[in-house]
Amino acid sequence: MIMDIVWLVAGLVLILAGANALTDGASAIAKRMGISELVVGLTVVAFGTSAPELVISVVSAINGNSQLAIGNVVGSNIMNILVIIGVTAMVRPITVTRSVMSLEIPMVILSSAVLLVLGNSGSIDGGGVNEVSRVSGIFLLIFFLLFMRYTFASAKQPDLSQSGSAEPRPDSAPMPVWKSALYMVLGLAALIWGGDRFVDGASGIAAGLGVSEAVIGLTIVAVGTSLPELATSVVAATKGRAGLAVGNVIGSNIFNVLMVLGVSATISPLPFGSIGNFDLLTLLTASILFYLFGWLFKERTITRIEGALLSSVYIAYVSILLARL
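As numbered in the working numbering, residues 148 to 472 make up the sequence shown, in order.
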């Protein structure tokens, strides 16, 4: 138990350090290449911070631990919206561009709806097993490639993601390419290894307490694998880079459903088991709230009040989940 706690703390330190390095490196490359920070967040940063989910879900699929693989994705996506967007907005209100409100966030809602349908696929088929089949996994990967095609096409558009979302910053000498790349590589390495250490420690503690695999995936593992997204988004927000913060969450959620589950289900079909409509509807509701809060109170801005409300919903979700044990 003591070593589990040590790994928990060490993993958290690595995650925070890696998030800071990754944010600086990615932003420098975006500035040098004239690419929108939103696009960098949707691709490079989202892929890097979703790496722990990918590794854990793939290994879980290979080992036959389907509930851990699916619970990891569902729980991480719930936390990404309710906690990461919530906490980030409380640190600094997030201004979201009109294109994100009309295109990217609806994609998050759609991916959540797809999970809900897959989670009831057995009932829809008439008494079958609720699972992400190999065929479904292949289709998820196809949709992922289409999303990537759209994202890289949008990289050719002007960078509007920072409009009104950050305080003016004085021009400074751009970070050398080699240094930006080094920051990103070291940051990603620290995030991935730190996330892995954190999950090992947290899972060891949870297993010692006799918690089920589904609950571990939805809570402990989901929180651990979402820490890179949380750290990266908060750091980006404090530096006035809302596009990177929002793109990180949106990209991670879409990556988790389309790529992580796609790859995992292609390796081995993933039955949902005890992960049911309560969890899937919570994810869909969170996605819809993300969209609605962008228009309430202050148009296209997630305010501190809205951020607090999102975080409160997560606390309520986890409380109900634990009460059902």
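No residue lacks a Cβ here, since even glycine has one placed at the ideal position from N, Cα and C.
Proximity below 9 Å, CB of residue 369 to CB of residue 383: Residue 383 is positioned such that its CB atom lies no closer than 9 Å to that of residue 369.
Closest to residue 230 by C-alpha separation, out of 468, 466, 459 and 467, would be which residue? 459
For residue 453, name the three-state secondary structure that DSSP assigns. Of the three classes helix, strand and coil, the one that applies to residue 453 here is helix, per DSSP.
By DSSP, does residue 422 sit in helix, in strand, or in coil? Of the three classes helix, strand and coil, the one that applies to residue 422 here is coil, per DSSP.
For the segment 226-280, list the alpha helix (DSSP H) runs that are entirely contained and at least 4 residues long, ordered along the chain. Runs of the alpha helix (DSSP H) lying entirely within the segment 226-280 and spanning at least 4 residues, in chain order: 233-238, 252-266 and 268-272.
Can you have a look at residue 508 and say buried or exposed, based on whether 16 or more other CB atoms are within 10 angstroms of its CB? The displayed coordinates of the chain run from 148 to 472. Any statement about residue 508 would go beyond what the structure contains.
So the candidates are 179, 149 and 198; which of them puts its Cα closest to the Cα of residue 337? 198
DSSP three-state assignment for residue 439, whether helix, strand or coil: helix
Opposite residue 417 in the DSSP bridges: which residues? Answer by DSSP bridge pairing, in chain order: 279.
Please confirm if the segment 288-303 is in contact with the segment 443-454, defined as three or more CB-CB distances below 8 Å between the two stretches. no
Tell me whether the beta-carbon of residue 252 lies closer than 9 Å to the beta-carbon of residue 437. yes
Tell me, which residues are paired with residue 448 by DSSP? Within the DSSP bridge table, the entry for residue 448 names 242 as partners.
Counting Cβ pairs closer than 8 Å, one from the segment 441-449 and one from the segment 279-289, do we hit at least three? no
With three or more beta-carbon pairs closer than 8 Å as the criterion, would you say the segment 199-210 touches the segment 424-434? With a cut-off of 8 Å, the segment 424-434 and the segment 199-210 do not count as touching, because too few Cβ pairs lie within range.
Going by the C-beta, is residue 395 closer than 8 Å to any heavy atom of the ligand SAM? Absent from the structure shown: the ligand SAM. Ligands present: none.
Counting Cβ pairs closer than 8 Å, one from the segment 406-421 and one from the segment 372-386, do we hit at least three? no
Spatial distance of residue 317 from residue 202 (CA atoms): Low local confidence applies: a pLDDT of 48 at residue 317 is under 50, so the model's placement there is unreliable, and no value is given.
Of all the options 373, 463 and 158, which has the alpha carbon lying nearest to the alpha carbon of residue 340? 158
Kindly indicate which three-state DSSP category residue 358 falls into: helix, strand or coil? coil
Output the boundary residues of the alpha helix (DSSP H) element that contains residue 382. 369-385
Can you tell me whether residue 472 is helix, strand or coil according to DSSP? The answer is coil: DSSP assigns residue 472 none of H, G, I, E or B.
How is residue 199 classed by DSSP in three states: helix, strand or coil? helix
So what's residue 180 in DSSP terms, helix, strand or just coil? helix
If we count Cβ pairs, one from each stretch, closer than 8 Å, do we get three or more for the segment 461-471 versus the segment 239-256? No, the segment 461-471 does not touch the segment 239-256.
Under the three-state reduction of DSSP, which class applies to residue 167: helix, strand or coil? helix
Spatial neighbours of residue 433 within its chain, please: C-beta separation below 6 Å, excluding the five flanking residues on both sides. 225, 228 and 229
C-alpha distance - residue 343 paired with residue 204, whole-angstrom precision: 12 Å
Give the secondary structure of residue 211 by DSSP, where H, G and I count as helix, E and B as strand, and everything else as coil. When DSSP states are grouped into helix, strand and coil, residue 211 belongs to the coil group.
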